[in-house]
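So the sequence shown is numbered by this note's numbering: it starts at 2 and just counts up by one. Cβ atoms here follow ideal geometry from the backbone N, Cα and C, with glycine treated the same way. Notes follow once the structure below has been shown.
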Amino acid sequence: MKLKGKTALITGSARGLGKAIALKLAEMGANIVLNDIVSSESLDETYKEFREAGYNVAVARGDVTKEEDVKNMVKAAVDKFGALHILVNNAGITRDKPMLLMSEEDWDLVLNVNLKGAFLCSKAAAKVMIKQRYGKIINISSVAGAYGNPGQANYSASKAGLIGLTKTIAKELASRGIRCNAVTPGIIKSQMTDVLPEELKKKYLDNIALGVFGTPEDVAGVVAFLASPDSDYVTGQVIDIDGGLVM
Ligand SMILES: NC(=O)c1ccc[n+]([C@@H]2O[C@H](COP(=O)([O-])OP(=O)(O)OC[C@H]3O[C@@H](n4cnc5c(N)ncnc54)[C@H](O)[C@@H]3O)[C@@H](O)[C@H]2O)c1
């Protein structure tokens, strides 16, 4: 129960990696604030699951690209649990296409959700964390951001941007007791990757040293370490969670 008494807001946590991260932090004793977009159908179901499991949980629906929504999400966490110690910037989308065919609209959409969203959430959460003189911000980047990936100019740029944001927050806010780190998952089984063509999945598998795709729980384990006091002397770091896809 290393996170007992701590409150964590996880964006985009109705399903997939975000849900697995929320579950892991709840198992470690944290109060959980679930977030997803207003139209998310699975958010209520996820909230119910957490309630039934006996976890301390609240819901803060909102779009991470809208500053007003983000402020309300952070306020909801503080109103319900009195503090906010952990922010996981997990909400993310893809709109894949070769760069030459990519529309400006798809570029803006992906950059807005994946990068601007993390900026807005980090800014709002940091204001609370500074007063507490303690906070952990964890950004879910991607190997595509660290190493590039054909068909993902917008996504790779957004995830690379997250790495720059991570290091800058780490440097700006270390003196206020705030740690900021990123993880770069490789291919993780989820609704986002289920839709990849079989041919591409096989190509990835051939290059993963451990020979299997990761699970949301694999990502949650590393995020939990970064959220816990075990990593209090770690900031500004980027950890690959990819089974040895890139090394
Ligand atoms: N699945 C993978 O293989 C993989 C690999 C590397 C990184 N990632 C990253 O992990 C994160 C989660 O991915 P996933 O596979 O669970 O995807 P997912 O699509 O299953 O879940 C993403 C969630 O974010 C929510 N979301 C989207 N836009 C939002 C917004 N504007 N505001 C609030 N919530 C919003 C969605 O509704 C969804 O519930 C993403 O940032 C993704 O880029 C995933």
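query, result
"Per-residue DSSP class, three states only, for Val114", "helix"
"heavy atom of ligand 1 below 6 Å from Ala15 C-beta", "yes"
"For Ile240, three-class secondary structure by DSSP", "strand"
"Ala59 in three-state terms, based on DSSP", "strand"
"Under the three-state DSSP convention, the category Ala145 falls into", "helix"
"Ser191 Cβ short of 6 Å to ligand 1 heavy atom set", "yes"
"Gly136 beta carbon near ligand 1 (any heavy atom closer than 6 Å)", "no"
"Closest Cα partner of Asn57 within the set Ala127, Gly162, Leu10", "Leu10"
"Residue from Leu116, Ser41, Val34 whose Cα sits closest to the Cα of Phe82", "Val34"
"Pro186 vs Gly152 beta-carbon contact at 7 Å", "no"
"Proximity winner among Gln192, Ser191, Val111, relative to Ala161 (alpha-carbon distances)", "Val111"
"Closer than 6 Å: Gly93 CB and nearest ligand 1 heavy atom", "yes"
"Three-state class that DSSP yields for Asn140 in the structure shown", "strand"
"Distance cut-off 6 Å: Asp45 Cβ against heavy atoms of ligand 1", "no"
"Classification of Gly13 by the beta-carbon crowding that lies within 10 angstroms, buried from 16 upward", "buried"
"Anticipated Cβ contact below 8 Å, Ile139 with Asn208, distance rounded", "Actually they do not touch by this definition, with Cβ atoms about 26 Å apart."
"Whole runs of the alpha helix (DSSP H) within the region 181–228, excluding any shorter than 4 residues", "192–195, 199–208, 217–228"
"Nearest residue (CA-CA) to Ser40, options Ala15, Asp233, Met2", "Ala15"
"Three-pair Cβ contact test at 8 Å for the region 87–95 versus the region 18–29", "yes"
"Residue of Gly237, Asp241, Val247, Ala228 minimising C-alpha distance to Leu85", "Ala228"
"Contacting residues, own chain, Cβ-Cβ under 6 Å from Ser159 (five flanking each side not counted)", "Val111, Leu112, Asn115, Leu116"
"Cβ contact check for the region 125–134 and the region 68–80: 3 or more pairs under 8 Å", "yes"
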